[in-house]
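Reading through the structure tokens given below for one structure.
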Amino acid sequence: MRDVQLLAKGFSPGKALGLFAKAHPDAGGIASFVGKVRPEADVKVLELKAYPRMTLPGMEALAADVEARWTLDGLLIHHRHGVMRPGAPIVLVAAAARHRRDVIEAVDFAMDHLKSASWFWKREKRGDGWHWIEPREQDHADLSRWA
Amino acid sequence: MRDVQLLAKGFSPGKALGLFAKAHPDAGGIASFVGKVRPEADVKVLELKAYPRMTLPGMEALAADVEARWTLDGLLIHHRHGVMRPGAPIVLVAAAARHRRDVIEAVDFAMDHLKSASWFWKREKRGDGWHWIEPREQDHADLSRWA
Amino acid sequence: MAVAVVFLGKLADLSGAAEASLPGPLDWAGLLEALPPSLADEVRGERVRVALNGELLAEKTALRAADGSEIALLPPVSGG
Amino acid sequence: MAVAVVFLGKLADLSGAAEASLPGPLDWAGLLEALPPSLADEVRGERVRVALNGELLAEKTALRAADGSEIALLPPVSGG
Numbered sequence: 000m001r002d003v004q005l006l007a008k009g010f011s012p013g014k015a016l017g018l019f020a021k022a023h024p025d026a027g028g029i030a031s032f033v034g035k036v037r038p039e040a041d042v043k044v045l046e047l048k049a050y051p052r053m054t055l056p057g058m059e060a061l062a063a064d065v066e067a068r069w070t071l072d073g074l075l076i077h078h079r080h081g082v083m084r085p086g087a088p089i090v091l092v093a094a095a096a097r098h099r100r101d102v103i104e105a106v107d108f109a110m111d112h113l114k115s116a117s118w119f120w121k122r123e124k125r126g127d128g129w130h131w132i133e134p135r136e137q138d139h140a141d142l143s144r145w146a
Numbered sequence: 000m001r002d003v004q005l006l007a008k009g010f011s012p013g014k015a016l017g018l019f020a021k022a023h024p025d026a027g028g029i030a031s032f033v034g035k036v037r038p039e040a041d042v043k044v045l046e047l048k049a050y051p052r053m054t055l056p057g058m059e060a061l062a063a064d065v066e067a068r069w070t071l072d073g074l075l076i077h078h079r080h081g082v083m084r085p086g087a088p089i090v091l092v093a094a095a096a097r098h099r100r101d102v103i104e105a106v107d108f109a110m111d112h113l114k115s116a117s118w119f120w121k122r123e124k125r126g127d128g129w130h131w132i133e134p135r136e137q138d139h140a141d142l143s144r145w146a
Numbered sequence: 000m001a002v003a004v005v006f007l008g009k010l011a012d013l014s015g016a017a018e019a020s021l022p023g024p025l026d027w028a029g030l031l032e033a034l035p036p037s038l039a040d041e042v043r044g045e046r047v048r049v050a051l052n053g054e055l056l057a058e059k060t061a062l063r064a065a066d067g068s069e070i071a072l073l074p075p076v077s078g079g
Numbered sequence: 000m001a002v003a004v005v006f007l008g009k010l011a012d013l014s015g016a017a018e019a020s021l022p023g024p025l026d027w028a029g030l031l032e033a034l035p036p037s038l039a040d041e042v043r044g045e046r047v048r049v050a051l052n053g054e055l056l057a058e059k060t061a062l063r064a065a066d067g068s069e070i071a072l073l074p075p076v077s078g079g
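Chains as they are written, first to last, in numbering that gives the first Met the number 0: chain A, 0 to 146; chain B, 0 to 146; chain C, 0 to 79; chain D, 0 to 79.
So this is what it looks like as structure tokens:
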């Protein structure tokens, strides 16, 4: 089962993960990653802009790529866009499968691609206004591990 | 915060993970793995024997090793022993930290070591009685990745 | 009918709006001419990619946008 | 007082019990003598490790178990 969602509003990763686990009672292993807005000294809110017409199809294509590389029973990718406060969940990725290594690697791969090769633009509101965030070198290095 | 438990009774990974997330509101990322008894055609129950006097200190030592290798805000390792039915949770590992790669690698490392280098002995009850499970070659291969 | 132009990321700041409507049909030269000079310079840069109706163009200068279509101007993504 | 011997994994099947109590003090030769021959053969094998009071012995033949101590006989683990 594939569950890919681009969300405009806040969501509960724990609830989504619970439903995902319930939907895959026969999977021997479930791996997950939850990413949240990190509380940083001067950051009031974070905004992720998406272009849903490309962002969502891009997430679907990523999911298809993950499913082609690993044998999974289920894959979930939920990603927020819009304005978020520190502590708010941004992304939940979960994979269910028979084998442990498949699910951990699938989540790792999906996160690396979401962080550096998906259609999101990020800006932060600090004391002195909005600032666009440039791509991080580390994210590109993470992505190149899979090439 | 380190939370290492050797559990004699059934537990809810979702509940434990929810409490772990609540305890680390400032972590940017939380990775987790849940391993359950896989439903297999002829397996009625699985038994994991522990020697708590060594099994629990071994789990604590593993947690300390993980914390030394990665910068984490929190680490959780819960592992069952005793008799379990198909579908029952065996293990939950979760890590919380500022950085995504730290938490995913920490969970990956902890699982590889729990699966092949921890003090558990496993047997299955099939139609024709109990059978002890020998170590899997794949588990040793997984472990050697970290050497 | 017209051509919708969607400005993503910081291009929206440079254009002063998230979207614009331009008379169609529109090719690459026509698009650059219709944009404010500073924005056109940015869009010309190799880091900005272009999509037509949700499909990324391999060669943005080959843009041919018919009436009713949507152009997206995509600066480097900063990640999810 | 006595020495407790804990049989882990399939060694418990071979011994017919999860634990035994043997008169102490006990060394390696004394332990092997006190076990049924088939179990002693297994325990002698290089795959079986020995712990004293929860501490793994680097060299199991150096076992010296005082009265009141606990010996654990550990076959290869099969993983969690």
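Backbone N, C-alpha and C fix where the C-beta goes; we use that ideal spot for every residue, glycine too.
Quick caveat, the model's predicted, so the values are computed rather than measured.
Query	Result
Residue 19/D CB to nearest heavy atom of the ligand PLP below 6 Å	Because no ligand of any kind appears in the structure shown, any question about the ligand PLP cannot be addressed here.
Beta-carbon spacing of residue 62/C, residue 26/C below 7 Å	yes
Host beta strand (DSSP E) of residue 74/B (start-end)	73-79
Chain A within 7 Å of residue 59/C, Cβ atoms only	no
Nearest neighbour of residue 78/D, chosen from 86/B, 36/B and 95/B [CA to CA]	36/B
Residues, ordered as in the chain, of the segment 95-117 of chain B that lie near chain A by beta-carbon distance below 8 Å	97, 99, 100, 102, 103, 106, 107, 110 and 114
Sequence-distant residues of the same chain with beta carbon closer than 7 Å to residue 139/A, five excluded per side	115
Bridge-paired residues (DSSP) for residue 53/B	According to DSSP, residue 53/B bridges with nothing at all.
Start and end residues, beta strand (DSSP E) containing residue 3/D	2-6
DSSP three-state assignment for residue 95/A, whether helix, strand or coil	strand
CB contact below 7 Å: residue 76/A versus chain C	no
Helix, strand or coil at residue 42/A [DSSP, three-state]	coil
Amino acids of chain D, ordered along the chain, whose beta-carbon sits closer than 8 Å to that of residue 47/B	79
Three-state class that DSSP yields for residue 119/A in the structure shown	strand
In DSSP terms, what residue 32/B is bridged to	30/A and 92/B
Closest by C-alpha distance to residue 22/A, when choosing among 28/A, 42/A and 0/A	0/A
Neighbour-count burial assignment, residue 34/B, 16 or more Cβ in a 10 Å radius	buried
Residues within the segment 4-23 of chain C neighbouring chain A, beta-carbon criterion of under 7 Å	5, 7, 8 and 9
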